[in-house]
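Student:
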Amino acid sequence: AQKITQTQPGMFVQEKEAVTLDCTYDTSDQSYGLFWYKQPSSGEMIFLIYQGSYDEQNATEGRYSLNFQKARKSANLVISASQLGDSAMYFCAMEAQAGTALIFGKGTTLSVSS
Amino acid sequence: DAGVTQSPTHLIKTRGQQVTLRCSPISGHKSVSWYQQVLGQGPQFIFQYYEKEERGRGNFPDRFSARQFPNYSSELNVNALLLGDSALYLCASSLVFFLARMNTEAFFGQGTRLTVV
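In the order they appear, the protein sequences are chains A and B. Here the first sequence is numbered in the numbering used here, starting from 1 and rising by one per residue. Here the second sequence is numbered in the numbering used here, starting from 115 and rising by one per residue.
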């Protein structure tokens with residue numbers, strides 16, 4: 001069965017600090033994709049970063065990087081130099097089979113303070 | 115370019131009623147997926163359509179149905195509404211229906227917040 005686990009219900013960080021949001025996944029498929037989305041209080045899901053199972057390099061997008069450890073089945077999101085606008089809910093998601101769309105974790109609420 | 119648009123943004127319905135939610139994908143996107151997000155939880159997959167055909171279905175009762183039109187827009191219908199159907203309903207569009215194979219992402223709309231009373 002496909003599953004995403006996010007064990008941190010909430011994280012607190014100060015501006016300009018780095019923060020790591022944890023994500024572990026479970027799948028028996030060899031080809032899969034891992035995604036991180038940000039959901040502000042407005043509700044819209046904003047795509048942040050993607051990692052394919054065959055990608056050898058960790059994905060990076062600006063202040064976001066994905067620490068992909070395939071053997072441990074983890075795909076942690078690292079946000080460098082946090083900003084107040086980063087305060088939101090963050091979801092890790094996986095797509096492992098065609099027709100199953102995205103499977104989401106329960107999310108982590110990130111709060112950034114000044 | 116316009117993003118994914120959903121209508122209405124908010125909706126209040128009574129138990130037992132029926133509701134139709136609408137989604138217009140990004141121009142050129144042929145895949146539309148629907149998700150239900152209950153407060154405090156991650157989105158749960160309901161349906162996926164690609165080229166007007168159903169390509170996937172999540173673990174939801176038959177009260178939930180959907181379709182995709184020739185212009186790739188989509189509707190989600192929920193019959194016999196229950197209090198537990200109160201949620202944010204999200205629509206996502208993408209170029210393909212298997213994101214991982216094409217190294218691409220899904221783009222989400224702002225959602226329809228349904229309240230059943």
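Where is the CB? At the ideal position from N, CA and C, for every residue including glycine. Treat the numbers as computed from the prediction; the structure is a model and nothing was measured.
1) Are the region 136 to 144 of chain B and the region 27 to 43 of chain A in contact at 8 Å, needing three or more beta carbon pairs?
2) Less than 9 Å between the C-beta atoms of residue 194 of chain B and residue 148 of chain B, yes or no?
3) Whether or not the region 171 to 185 of chain B and the region 117 to 126 of chain B are in contact is what I'm after, with contact meaning three or more pairs of Cβ atoms, one per stretch, closer than 8 Å; do they touch?
4) Could you tell me whether any Cβ in chain B is nearer than 9 Å to the Cβ of residue 11 of chain A?
5) Mind checking who residue 171 of chain B pairs with in its DSSP beta bridge?
6) Residues of chain B with CB under 9 Å from residue 88 of chain A, in chain order?
7) Suppose the cutoff is 7 Å on Cβ atoms and the five residues either side in sequence are ignored; what does the same chain contact list for residue 218 of chain B look like?
8) Near residue 133 of chain B, which residues of its chain fall below 6 Å by C-beta distance, leaving aside the five closest residues on each side in sequence?
9) Measuring straight from C-alpha to C-alpha, what distance separates residue 11 of chain A and residue 53 of chain A?
10) Which residue comes first and which comes last in the beta strand (DSSP E) that contains residue 143 of chain B?
11) Using C-beta distances below 8 Å, list every residue in its chain close to residue 55 of chain A, excluding the 5 sequence neighbours before and after it, in chain order.
12) Output, in sequence order along the chain, the residues in the region 137 to 161 of chain B whose CB is closer than 7 Å to any CB in chain A.
13) Using three-state DSSP, classify residue 199 of chain B as helix, strand or coil.
14) Using a beta-carbon distance below 9 Å, is residue 130 of chain B in contact with chain A?
15) When you compare the CB of residue 33 of chain A with every CB in chain B, is at least one pair closer than 9 Å?
16) Relative to the C-alpha of residue 103 of chain A, which residue among A:32, A:112, A:78 and A:21 is closest?
17) In the DSSP assignment, the beta strand (DSSP E) including residue 21 of chain A goes from what residue to what residue?
18) Does any CB atom of chain A fall closer than 9 Å to the CB of residue 206 of chain B?
19) Can you pull the chain A residues whose beta carbon is under 9 Å from the beta carbon of residue 182 of chain B, in chain order?
20) Are the CB atoms of residue 135 of chain B and residue 66 of chain B within a distance shorter than 9 Å?
21) Using a C-beta to C-beta distance shorter than 7 Å, which residues of chain A count as neighbours of residue 213 of chain B?
Tutor: So, from the listed chains and residues:
1) no
2) Counting from 1 along the second sequence, the entry for residue 194 of chain B is found at position 80. Counting from 1 along the second sequence, the entry for residue 148 of chain B is found at position 34. No, Cβ-Cβ distance for residue 194 of chain B and residue 148 of chain B is not below 9 Å.
3) Under the 8 Å Cβ criterion, the region 117 to 126 of chain B does not count as touching the region 171 to 185 of chain B, having fewer than three qualifying pairs.
4) In the first sequence, counting from the first residue as 1, residue 11 of chain A sits at position 11. No, no contact with chain B.
5) To locate residue 171 of chain B, count along the second sequence from 1; it is residue 57. In the DSSP output, where bridge partners are listed per residue, residue 171 of chain B has B:161.
6) The residue given as residue 88 of chain A occupies position 88 in the first sequence. Neighbours of residue 88 of chain A on chain B: none; closest Cβ ~14 Å, over 9 Å.
7) In the second sequence, the residue the question calls residue 218 of chain B occupies position 104. Result list for residue 218 of chain B: 208, 209 and 210, in chain order.
8) Working through the second sequence from its first residue, we reach residue 133 of chain B at position 19. Taken in chain order, the residues that qualify are 127 and 192.
9) Taking the first sequence and counting its residues from 1, one reaches residue 11 of chain A at position 11. Taking the first sequence and counting its residues from 1, one reaches residue 53 of chain A at position 53. Cα-Cα distance, rounded: 27 Å.
10) On the second sequence, position 29 is the one that residue 143 of chain B refers to. Counting along the chain, no beta strand (DSSP E) covers residue 143 of chain B, and no H or E run does either.
11) The count along the first sequence starts at 1 and reaches residue 55 of chain A at position 55. Excluding sequence neighbours, residue 55 of chain A sits near 68.
12) Closer than 7 Å at the C-beta level to chain A, one finds these residues of the region 137 to 161 of chain B: 147, 155, 156, 157 and 159.
13) Along the second sequence, one-based indexing puts residue 199 of chain B at 85. Residue state, collapsed to three classes: helix.
14) Here residue 130 of chain B refers to the residue found at position 16 when the second sequence is read from its first residue. By this cut-off, residue 130 of chain B is not an interface position.
15) To locate residue 33 of chain A, count along the first sequence from 1; it is residue 33. Interface residue, yes.
16) The count along the first sequence starts at 1 and reaches residue 103 of chain A at position 103. Checked all of A:32, A:112, A:78 and A:21; the closest Cα to residue 103 of chain A is A:32.
17) Reading the first sequence from its first residue, position 21 is the one you call residue 21 of chain A. Start and end: 19 to 21.
18) Position 92 of the second sequence, counted from the first residue, corresponds to residue 206 of chain B. Closer than 9 Å to some Cβ of chain A, the Cβ of residue 206 of chain B qualifies, so yes.
19) Numbered from 1 along the second sequence, position 68 holds the residue referred to as residue 182 of chain B. By Cβ distance, chain A contributes nothing, its closest Cβ being about 14 Å from residue 182 of chain B, past 9 Å.
20) Because chain B is modelled from 115 through 231, residue 66 of chain B falls outside the range shown and cannot be assessed.
21) Working through the second sequence from its first residue, we reach residue 213 of chain B at position 99. Within 7 Å Cβ-Cβ: 33 and 95.
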